[in-house]
Amino acid sequence: MVMIYTETGAGSSEQVLSEAQKQFHRATRALDQLVDQLDDGELGNASEAQRLLRDLKGALSLAISERERLEKQQRENAGIVNGYAIDFDAARHEIGRRLACLRAAGSSGRVSE
Numbered sequence: 051m052v053m054i055y056t057e058t059g060a061g062s063s064e065q066v067l068s069e070a071q072k073q074f075h076r077a078t079r080a081l082d083q084l085v086d087q088l089d090d091g092e093l094g095n096a097s098e099a100q101r102l103l104r105d106l107k108g109a110l111s112l113a114i115s116e117r118e119r120l121e122k123q124q125r126e127n128a129g130i131v132n133g134y135a136i137d138f139d140a141a142r143h144e145i146g147r148r149l150a151c152l153r154a155a156g157s158s159g160r161v162s163e
């Protein structure tokens, strides 16, 4: 079985996805800190806290949708559809091998073992 991998290196979708995941984790930590501050009553101005929370939720929503888009693009670049990738070159070789076995068996007058 041949595994199909996506390209790697500078500017690749893998690198972009990695950077997006870092930003996603940073935003998640910031949101957790903000919620902790709200729970502890450290944020005195409720309207400021609500604005920060709304901005962070928007950023997280954007990060999640971007992450999904990048993962979809990465799968498409690898030729993966419905979780599977087909290696047509390997399939062509396997079909050729099987046809050669059938030809050899047909010309000898008996079935190969």
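Numbering follows the numbering used here, with no gaps: position 39 of the sequence shown is 89. The beta carbon of each residue, even a glycine, is placed where N, CA and C say it ideally should be.
Point to revise | Member of LEU112, LEU102, HIS75 whose CA lies at the smallest distance from the CA of GLN87 | key: LEU102
**Study point:** Segment contact flag, the segment 105-122 with the segment 141-150, C-beta cutoff 8 Å, min 3 pairs
**Key:** no
**Study point:** Boundaries of the alpha helix (DSSP H) in which ALA113 is found, first to last residue
**Key:** 96-127
Practice item. Starting from the C-beta of LEU106, find all residues in its chain whose C-beta is less than 8 Å away, skip the five residues before and the five after it, and write them out in chain order. Key: ALA77, ALA80, LEU81, LEU84
Review point. Could you give the distance in angstroms between the alpha-carbon of ALA141 and the alpha-carbon of PHE74?
Key: 39 Å
Exercise for review: Just confirm the distance between the C-beta atoms of ARG117 and ALA70, as a whole number of angstroms; I'd bet it's less than 8 Å.
Suggested key: 6 Å
Review point. Roughly how many angstroms lie between the CA atoms of ILE136 and LYS122, to the nearest whole one?
Key: 17 Å
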